[in-house]
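For what it's worth, this note's numbering labels the leading residue of the sequence shown as 1138, then goes sequentially.
Each remark here refers to the structure printed beneath this line.
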Amino acid sequence: MKTYTSENGWFSMELPLSWEEYDCGEDGAYAFFDTNSWTGNLRIIPFRLARRRNPSKDIASIFIQDEVLKNEGANRIQLGDFDCAHFRKNIQQDDGDLFVYYWITGIGNNLFICTFTVDHKQEKCEQHSTDLETVQNILQSIRMKQSVEKLSAA
(Lines of atoms letter the chains of each structure in order from A and count residues from 1; the text may use other names and numbers.)
(Lines give C-alpha, C1' and ligand atoms only; values in the text may rest on other atoms or scores of the structure.)
Protein backbone atom coordinates (compact mmCIF):
# COMPACT_ATOMS: atom_id res chain seq x y z
CA MET A 1 0.00 0.00 0.00
CA LYS A 2 1.02 3.60 -0.55
CA THR A 3 -0.32 6.80 0.92
CA TYR A 4 -2.00 9.24 -1.43
CA THR A 5 -2.53 12.84 -0.28
CA SER A 6 -4.96 15.10 -2.14
CA GLU A 7 -3.57 18.07 -4.02
CA ASN A 8 -4.86 20.52 -1.42
CA GLY A 9 -3.78 18.28 1.46
CA TRP A 10 -7.33 18.07 2.78
CA PHE A 11 -7.48 14.27 2.84
CA SER A 12 -5.27 11.23 2.42
CA MET A 13 -5.89 7.54 1.85
CA GLU A 14 -4.13 4.25 1.23
CA LEU A 15 -3.93 2.95 -2.34
CA PRO A 16 -2.70 -0.43 -3.57
CA LEU A 17 0.76 -0.10 -5.15
CA SER A 18 -0.60 -0.70 -8.66
CA TRP A 19 -3.22 2.07 -8.44
CA GLU A 20 -2.48 5.51 -9.92
CA GLU A 21 -4.23 8.83 -10.22
CA TYR A 22 -5.28 10.16 -13.61
CA ASP A 23 -6.76 13.44 -14.79
CA CYS A 24 -10.47 12.90 -15.36
CA GLY A 25 -10.94 16.48 -16.51
CA GLU A 26 -13.29 17.41 -13.68
CA ASP A 27 -12.19 20.14 -11.25
CA GLY A 28 -12.19 18.97 -7.65
CA ALA A 29 -12.42 15.27 -8.55
CA TYR A 30 -9.73 12.71 -7.83
CA ALA A 31 -9.69 9.71 -10.16
CA PHE A 32 -7.78 6.42 -9.92
CA PHE A 33 -7.42 3.07 -11.65
CA ASP A 34 -5.42 -0.15 -11.36
CA THR A 35 -2.46 0.05 -13.76
CA ASN A 36 -2.00 -3.74 -13.77
CA SER A 37 -5.40 -4.42 -15.26
CA TRP A 38 -8.21 -1.97 -15.92
CA THR A 39 -11.19 -3.08 -13.89
CA GLY A 40 -12.90 0.26 -13.43
CA ASN A 41 -12.43 3.92 -12.55
CA LEU A 42 -12.62 5.16 -8.99
CA ARG A 43 -13.59 8.81 -8.59
CA ILE A 44 -13.70 10.72 -5.32
CA ILE A 45 -15.25 14.17 -5.03
CA PRO A 46 -14.74 15.76 -1.59
CA PHE A 47 -16.87 18.60 -0.27
CA ARG A 48 -16.81 20.81 2.78
CA LEU A 49 -20.37 21.97 3.22
CA ALA A 50 -21.21 25.33 4.78
CA ARG A 51 -22.78 25.19 8.24
CA ARG A 52 -24.80 28.37 8.18
CA ARG A 53 -27.46 28.15 10.87
CA ASN A 54 -26.36 25.35 13.18
CA PRO A 55 -22.58 24.75 13.21
CA SER A 56 -22.92 21.56 15.28
CA LYS A 57 -25.36 19.96 12.83
CA ASP A 58 -24.11 16.82 11.05
CA ILE A 59 -24.96 17.90 7.50
CA ALA A 60 -23.26 14.84 5.99
CA SER A 61 -25.59 12.43 7.85
CA ILE A 62 -28.63 14.30 6.57
CA PHE A 63 -27.29 14.20 3.00
CA ILE A 64 -26.52 10.47 3.32
CA GLN A 65 -30.04 9.73 4.56
CA ASP A 66 -31.53 11.74 1.68
CA GLU A 67 -29.47 9.69 -0.81
CA VAL A 68 -30.73 6.43 0.72
CA LEU A 69 -34.32 7.61 0.41
CA LYS A 70 -34.14 8.93 -3.16
CA ASN A 71 -32.08 6.19 -4.85
CA GLU A 72 -33.73 2.88 -5.62
CA GLY A 73 -31.85 -0.02 -4.07
CA ALA A 74 -29.75 2.24 -1.85
CA ASN A 75 -28.65 0.93 1.52
CA ARG A 76 -27.22 2.66 4.55
CA ILE A 77 -24.02 0.82 5.43
CA GLN A 78 -21.00 1.39 7.64
CA LEU A 79 -17.87 2.47 5.79
CA GLY A 80 -15.25 2.20 8.46
CA ASP A 81 -16.52 4.28 11.36
CA PHE A 82 -19.00 6.33 9.34
CA ASP A 83 -22.41 5.99 7.77
CA CYS A 84 -22.55 5.63 4.03
CA ALA A 85 -25.24 5.56 1.35
CA HIS A 86 -24.35 2.76 -1.07
CA PHE A 87 -26.12 1.98 -4.33
CA ARG A 88 -25.60 1.11 -7.98
CA LYS A 89 -26.94 2.67 -11.16
CA ASN A 90 -26.96 1.40 -14.72
CA ILE A 91 -25.77 4.05 -17.18
CA GLN A 92 -26.18 3.67 -20.93
CA GLN A 93 -23.54 5.24 -23.16
CA ASP A 94 -22.79 5.04 -26.86
CA ASP A 95 -19.99 2.55 -26.29
CA GLY A 96 -21.99 0.26 -23.99
CA ASP A 97 -23.67 -0.11 -20.64
CA LEU A 98 -21.85 0.84 -17.48
CA PHE A 99 -22.50 0.17 -13.82
CA VAL A 100 -21.70 3.01 -11.46
CA TYR A 101 -21.33 2.06 -7.81
CA TYR A 102 -21.83 4.92 -5.34
CA TRP A 103 -20.55 5.39 -1.82
CA ILE A 104 -21.60 8.70 -0.27
CA THR A 105 -20.08 9.21 3.14
CA GLY A 106 -18.72 11.76 5.54
CA ILE A 107 -19.21 13.40 8.91
CA GLY A 108 -20.12 16.86 10.08
CA ASN A 109 -19.67 19.19 7.13
CA ASN A 110 -17.22 16.86 5.32
CA LEU A 111 -18.76 14.83 2.50
CA PHE A 112 -17.22 12.41 0.00
CA ILE A 113 -19.09 11.32 -3.12
CA CYS A 114 -17.25 8.26 -4.40
CA THR A 115 -17.99 6.24 -7.52
CA PHE A 116 -16.54 3.16 -9.16
CA THR A 117 -17.50 2.82 -12.81
CA VAL A 118 -17.21 -0.51 -14.61
CA ASP A 119 -18.28 -1.96 -17.92
CA HIS A 120 -21.38 -4.09 -17.34
CA LYS A 121 -19.41 -7.12 -18.57
CA GLN A 122 -16.97 -6.69 -15.67
CA GLU A 123 -19.71 -7.54 -13.20
CA LYS A 124 -19.78 -11.12 -14.47
CA CYS A 125 -16.03 -11.63 -13.99
CA GLU A 126 -14.72 -13.46 -10.94
CA GLN A 127 -12.43 -10.50 -10.21
CA HIS A 128 -15.35 -8.10 -9.82
CA SER A 129 -16.15 -8.79 -6.16
CA THR A 130 -12.45 -8.50 -5.32
CA ASP A 131 -12.32 -5.15 -7.14
CA LEU A 132 -15.30 -3.84 -5.17
CA GLU A 133 -13.67 -4.97 -1.94
CA THR A 134 -10.43 -3.19 -2.94
CA VAL A 135 -12.35 0.02 -3.66
CA GLN A 136 -14.20 -0.19 -0.37
CA ASN A 137 -10.89 -0.72 1.48
CA ILE A 138 -9.47 2.38 -0.22
CA LEU A 139 -12.51 4.41 0.80
CA GLN A 140 -12.35 3.14 4.38
CA SER A 141 -8.78 4.42 4.62
CA ILE A 142 -9.69 8.07 3.89
CA ARG A 143 -8.42 10.43 6.56
CA MET A 144 -9.44 14.07 6.75
CA LYS A 145 -6.93 16.76 7.68
CA GLN A 146 -7.89 19.06 10.55
CA SER A 147 -10.12 16.38 11.99
CA VAL A 148 -9.62 13.55 14.43
CA GLU A 149 -12.19 11.46 12.59
CA LYS A 150 -11.11 9.14 9.83
CA LEU A 151 -13.06 6.99 7.43
CA SER A 152 -11.41 3.80 8.59
CA ALA A 153 -12.36 0.73 10.54
CA ALA A 154 -10.22 0.45 13.65
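Where a beta carbon is used, it is the ideal one built from N, C-alpha and C, also for glycine.
Could you tell me the distance, in whole angstroms, from the CA atom of residue i to the CA atom of residue j?
i: Ser1174; j: Ile1199; result: 37 Å
i: Gln1202; j: Phe1184; result: 17 Å
i: Arg1190; j: Thr1242; result: 22 Å
i: Asn1208; j: Ile1182; result: 19 Å
i: Trp1147; j: Asn1274; result: 19 Å
i: Tyr1239; j: Leu1269; result: 11 Å
i: Cys1161; j: Arg1180; result: 9 Å
i: Thr1176; j: Ala1187; result: 35 Å
i: Pro1153; j: Tyr1141; result: 10 Å
i: Met1281; j: Asn1145; result: 11 Å
i: Thr1267; j: Asp1231; result: 27 Å
i: Gly1165; j: Leu1248; result: 13 Å
i: Glu1163; j: Ser1193; result: 31 Å
Please return the same chain residues whose Cβ sits closer than 6 Å to the Cβ of residue i, not counting the five positions on each side in sequence.
i: Val1205; result: Ala1211, Arg1213, Ala1222
i: Val1292; result: A query on residue 1292 cannot be resolved here, the shown segment of the chain reaching from 1138 to 1291 and no further.
i: Asp1343; result: There is no way to answer for residue 1343, as the model of the chain reaches only from 1138 to 1291.
i: Val1272; result: Leu1179, Phe1253
So what's residue i in DSSP terms, helix, strand or just coil?
i: Glu1209; result: coil
i: Ser1266; result: helix
i: Asn1246; result: coil
i: Lys1258; result: helix
i: Glu1286; result: Reliability fails at Glu1286, whose pLDDT of 46 lies under 50, so the model's placement of it is uncertain and the value that follows must be treated cautiously. Coil at Glu1286, not helix or strand.
i: Ala1291; result: Any reading at Ala1291 needs caution, since the residue's pLDDT is 34, under 50, leaving its predicted position unreliable; the model's value is listed next. Coil at Ala1291, not helix or strand.
Determine whether the beta carbon atoms of residue i and residue j lie at a separation below 8 Å.
i: Glu1151; j: Phe1169; result: no
i: Ile1196; j: Asn1246; result: yes
Go through its chain and collect everything with a Cβ distance to residue i's Cβ below 8 Å, but skip five positions before and after it.
i: Ser1143; result: Ser1149, Tyr1167, Pro1183
i: Phe1234; result: The question names Phe, but residue 1234 is Asp in the sequence shown. So the qualifying residues of the chain are Asn1227, Ile1228, Asp1256, His1257.
i: His1265; result: Thr1176, Val1255, Gln1259
Between residue i and the rest of its own chain, which residues show a CB-CB distance below 7 Å, the 5 nearest in sequence each way excluded?
i: Cys1262; result: none
Practice item. Only counting runs of 3 or more residues, tell me where the beta strand (DSSP E) segments fall wholly within the stretch 1146-1212, in order along the chain. Key: Counting whole runs of 3 or more residues, the stretch 1146-1212 contains the beta strand (DSSP E) stretches 1148-1152, 1156-1159, 1167-1171, 1178-1185.
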